[in-house]
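Protein sequences appear in the order of chains Z and F. Numbering-wise, the working numbering puts 158 at position 158 of the first sequence, and it's gapless, one number per residue. Remember, the working numbering sits 1000 above the position in the second sequence when you count from 1. For each residue, glycine too, the CB sits at the ideal point set by N, CA and C.
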Amino acid sequence: MEKFTTLTAVAAPLPMDNVDTDKIIPARYLKTIKRTGLGAGLFSDIRKDGDGKGGPFVLDQPAYENAKILVVGDNFGCGSSREHAAWALLDAGIRCVIGESFSDIFSSNAGKNGILLIQLPPEQIAKLLDDASRGANATLTVDLEAQTIQGPDGGTISFEVDPWKKHCLLNGLDDIGLTLQKKGEIDSFEAGQKAQQPWLY
Amino acid sequence: MAQPRTLFEKIWDNHLVERQDDGTCLLYIDRHLVHEVTSPQAFEGLRLTGRKVRRPDATLAVPDHNVPTSDRSKGIEDEESRIQVETLSANCAEFGVPLIEMNDARQGIVHIIGPEQGLTQPGMTIVCGDSHTSTHGAFGALAFGIGTSEVEHVLATQTLIQRPAKNMRIAVDGDLPPGLTAKDLVLAIIGKIGTAGGTGHVIEYAGPAVRALSMEGRMTVCNMSIEGGARAGLIAPDQTTFDYLKGRPMAPKAGAYEQAVAFWQTLPSDEGARYDREVTLSVGEIEPQVTWGTSPEDVLPISGVVPDPSALEDEGERQGMTRSLKYMGLTPGTRLQDVAVDKVFIGSCTNGRIEDLRAVAAIAEGALKQGRKVAEGVYAMVVPGSGLVKEQAESEGLDRILVEAGFDWREPGCSMCLAMNADKLKPGERCASTSNRNFEGRQGPGGRTHLMSPGMAAAAAFKGKLADVREFLG
Ligand code: SF4
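Given below as structure tokens:
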């Protein structure tokens, strides 16, 4: 996976709670056997509704064409385990999502694809949504090493991140490769389990 | 004395391969279920890196999401669906993974066949690239959904890198009266804790109302844990669990079975074990439930009325509810029992088991006696959760009752739970559904879903409107 170190990019606001994975990528796009090309289905069902004020959906507005950061509400990514949601975001260029909270499975899927999720309290999200609504001027700089977000007006917000996730993201690690190095430990676990619960083997 | 532990903590400790200083754990996975939608990219990853499947014997694959529920003798018409199912077969052959093929009598929804085959057992860790893997927690197994990268990780290493979840206990007191089911319980629980209420937690369901449930009912409750935000649900194994497993093809054989039961009996949470959060609920507070919105937490008793956004103080919540009601085509203040439905879907891993079909057939039998059939203009489909559920239902004559009453009797699969095959709602169509998600577009773009129990869905089929199942009970 691609490393995540620092990212300076336009942030697009999506002020909705409970954006489920069916909204991020509807089931009919899951028939692919590839990881790529899913950007075409990103938000496709809510996209057609536009911005709710008669204008186009936020990611279809010229100011947000190059957005790589998404600012969202609460419980983003709830619902299905489809990693296609992370692949679709990545395919559309999104590398960082900032929100009040994220579902557990989506969090793990995002991390495995080099997408940084940042969880912040509601007041800070409200402020970032407000910043993001300023269009192409809404450039944020996310520094994972320092765990900070720098806003357009120079203000800085700090964030927490799981140390293991941070390590993997900063180094673009393939965790399967790492786990395979633990073959000895896994072998001996299996031997122990087999002795105690033979019916499992 | 050792510190008291929860069921979750015991399973976790039993599967620890390694714990790092920062709390990250390498967890051993006992069983891995695989289906056609979330696995192709994982097998492709193995191929690209020259890796093998570590334990094909602990892995079982089945196609379910894309399979047609009509006559299958001509294969799958939709090209993309067919390729996905064929890709699963090819990958299983290449990597030596056991596969139940589409035309096998045992084929069905992955979370129905695991328990049915006896693969799902207490104390195990079980994963699948599917969020409703939580279903298997009904047996006291730690079972959770994973993404495709994790599927690849498990295929290659039989482990996962995880952090322990928090413990939450939900206790339900009282006895379920007729007409109230496991589905009503879990919908009421989600209504109470919200769709993010269980995030970061594993929920252990307890209390007399839960203990009294059959394995089918327990699976319905654990299935929807994910709708409450929890990655896994758990119910302590007991005699009901052991009896269910006895003699199933993949369960421990005679001799080993007794040894396994002795081990399983050590699993329930210890007296005094600590939970991070505890919730209690009484059956007395619950009526048959039905959802009105586009999130499973948007749930009300069937006697209720469509809620009014203008009564909400928070502007964000008001906008959210307005959006849901617009999508659902509902007007505040309308009695739920006045809402007409176009379709009825009975099936899914939530309610596609034999007990569910019996409940529907019982309502249908009563209705037939009164000379009633599925309401005119309503299309009602019954999709058994597996080929074996279908066979069982047919041997009990349930299919004849259902067909006579006007239901369409289909082949097993996920079907209109997520509309990846040909079974879909059309835009604007309203469906009484026994599945688990009422998200926008879930059952087809523009489709409107109301979640409820099988009996409630059957009642809706006969009335042509959302209805109270209790009117149909003798
Ligand atoms: S029945 Fe529905 S929820 Fe269950 S596995 Fe199939 S698609 Fe998922």
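I'd like to know whether the C-beta atoms of residue i and residue j end up nearer to each other than 8 Å.
{"i": "SER1415(F)", "j": "THR1069(F)", "result": "yes"}
{"i": "ASP22(Z)", "j": "GLY1441(F)", "result": "yes"}
{"i": "LYS112(Z)", "j": "GLY1147(F)", "result": "yes"}
{"i": "PHE102(Z)", "j": "GLY77(Z)", "result": "yes"}
{"i": "ILE1112(F)", "j": "ARG1106(F)", "result": "no"}
{"i": "THR1159(F)", "j": "VAL1017(F)", "result": "yes"}
{"i": "LEU169(Z)", "j": "LEU144(Z)", "result": "yes"}
{"i": "VAL1378(F)", "j": "VAL1403(F)", "result": "no"}
{"i": "VAL1374(F)", "j": "LYS1465(F)", "result": "no"}
{"i": "GLU1355(F)", "j": "SER1214(F)", "result": "yes"}
{"i": "GLY1444(F)", "j": "PRO1412(F)", "result": "no"}
{"i": "GLY73(Z)", "j": "ARG95(Z)", "result": "no"}
{"i": "HIS1065(F)", "j": "VAL1037(F)", "result": "yes"}
{"i": "VAL71(Z)", "j": "ILE125(Z)", "result": "yes"}
{"i": "ALA1206(F)", "j": "ARG1169(F)", "result": "yes"}
{"i": "SER1435(F)", "j": "LEU1451(F)", "result": "yes"}
{"i": "GLY1191(F)", "j": "VAL1299(F)", "result": "yes"}
{"i": "PRO1122(F)", "j": "LEU1027(F)", "result": "no"}
{"i": "ASP175(Z)", "j": "GLY79(Z)", "result": "no"}
Chain Z beta carbons: is any one of them nearer than 8 Å to that of residue i?
{"i": "VAL1037(F)", "result": "yes"}
{"i": "ALA1457(F)", "result": "no"}
{"i": "ARG1448(F)", "result": "no"}
{"i": "PRO1122(F)", "result": "no"}
{"i": "SER1295(F)", "result": "yes"}
{"i": "ALA1260(F)", "result": "yes"}
{"i": "ARG1470(F)", "result": "no"}
{"i": "GLN1084(F)", "result": "yes"}
{"i": "GLY1229(F)", "result": "yes"}
{"i": "VAL1186(F)", "result": "no"}
{"i": "HIS1136(F)", "result": "no"}
Are the C-beta of residue i and some C-beta of chain F separated by less than 8 Å?
{"i": "GLU185(Z)", "result": "yes"}
{"i": "THR139(Z)", "result": "no"}
{"i": "ARG47(Z)", "result": "no"}
{"i": "ASP104(Z)", "result": "yes"}
{"i": "ASP51(Z)", "result": "no"}
{"i": "PRO163(Z)", "result": "yes"}
{"i": "GLN197(Z)", "result": "yes"}
{"i": "ASN109(Z)", "result": "yes"}
Would you mind giving the Cβ-Cβ distance between residue i and residue j, rounded to the nearest angstrom? I have them listed as a contact below 8 Å.
{"i": "ILE1161(F)", "j": "THR1024(F)", "result": "6 Å"}
{"i": "ARG1031(F)", "j": "ALA1061(F)", "result": "That pair is no contact at about 12 Å."}
{"i": "ASN1091(F)", "j": "SER1039(F)", "result": "7 Å"}
{"i": "THR141(Z)", "j": "THR6(Z)", "result": "7 Å"}
{"i": "ALA67(Z)", "j": "ALA12(Z)", "result": "4 Å"}
CB-CB under 8 Å to residue i, same chain, minus the five flanking residues each way: which ones, in chain order?
{"i": "LYS1052(F)", "result": "LEU1046, PHE1095 and ALA1156"}
{"i": "GLY1145(F)", "result": "VAL1127, CYS1128, GLY1129, ASP1130, SER1131, HIS1132, THR1133, SER1134, ILE1226 and ARG1231"}
{"i": "LEU120(Z)", "result": "ILE98, GLY99, GLU100, LEU128, ILE157 and PHE159"}
Closer than 8 Å by beta-carbon distance: list the chain Z residues that pair up with residue i, in chain order.
{"i": "SER1081(F)", "result": "LYS31"}
{"i": "ALA1370(F)", "result": "According to the sequence as given, residue 1370(F) is Gln; it is not Ala. Neighbours of GLN1370(F) on chain Z: none; closest Cβ ~38 Å, over 8 Å."}
{"i": "GLN960(F)", "result": "Since the first residue shown for chain F is 1001 and the last is 1474, residue 960(F) is missing from the structure and cannot be characterised."}
{"i": "GLY1320(F)", "result": "MET16, ASP17 and ASN18"}
So which residues of chain Z does residue i contact, with C-beta pairs closer than 9 Å?
{"i": "TYR1028(F)", "result": "ILE186, PHE189, GLU190 and GLN193"}
{"i": "MET1102(F)", "result": "The premise fails here: MET1102(F) is roughly 16 Å from chain Z at the closest Cβ pair, so nothing lies under 9 Å."}
{"i": "ALA1256(F)", "result": "PRO198 and TRP199"}
Tell me which residues share the same chain as residue i and place their Cβ nearer than 7 Å to its Cβ, disregarding the 5 neighbours each side in the sequence.
{"i": "ARG1082(F)", "result": "GLY1075 and ILE1076"}
{"i": "VAL1261(F)", "result": "PHE1242"}
{"i": "GLU65(Z)", "result": "none"}
{"i": "LYS166(Z)", "result": "LEU144"}
Counting only Cβ pairs nearer than 7 Å, list the residues of chain Z close to residue i.
{"i": "THR1195(F)", "result": "ASN18, ASN75 and CYS78"}
{"i": "GLN1265(F)", "result": "Under the 7 Å cutoff, chain Z gives no residues; its nearest Cβ is about 14 Å from GLN1265(F)."}
{"i": "THR1157(F)", "result": "ILE176, THR179, LEU180 and ILE186"}
Within its chain, find whatever has a CB closer than 6 Å to the CB of residue i; leave out the 5 residues flanking it on each side and keep chain order.
{"i": "LYS194(Z)", "result": "TYR201"}
{"i": "SER1269(F)", "result": "THR1006 and LEU1007"}
{"i": "TRP164(Z)", "result": "none"}
{"i": "PRO122(Z)", "result": "GLU100"}
{"i": "ARG1448(F)", "result": "MET1328 and ARG1430"}
{"i": "ALA1380(F)", "result": "VAL1344, VAL1374, PHE1407 and ALA1461"}
{"i": "PRO1098(F)", "result": "LEU1060"}
Could you work out which residues of chain F lie near residue i, taking near to mean beta carbons separated by less than 8 Å?
{"i": "ASP131(Z)", "result": "Simply none; closest approach about 18 Å."}
{"i": "LYS112(Z)", "result": "GLY1147, SER1149 and GLU1150"}
{"i": "SER101(Z)", "result": "ALA1196 and THR1199"}
Going along chain F, which residues have a C-beta under 9 Å from residue i?
{"i": "ALA27(Z)", "result": "VAL1037, HIS1065, LEU1418, ALA1419, MET1420, GLY1441 and ARG1442"}
{"i": "LYS23(Z)", "result": "PHE1439, GLU1440 and GLY1441"}
Applying a beta-carbon distance threshold of less than 7 Å, which residues of chain F neighbour residue i?
{"i": "LEU200(Z)", "result": "ASP1030"}
{"i": "GLN119(Z)", "result": "Simply none; closest approach about 11 Å."}
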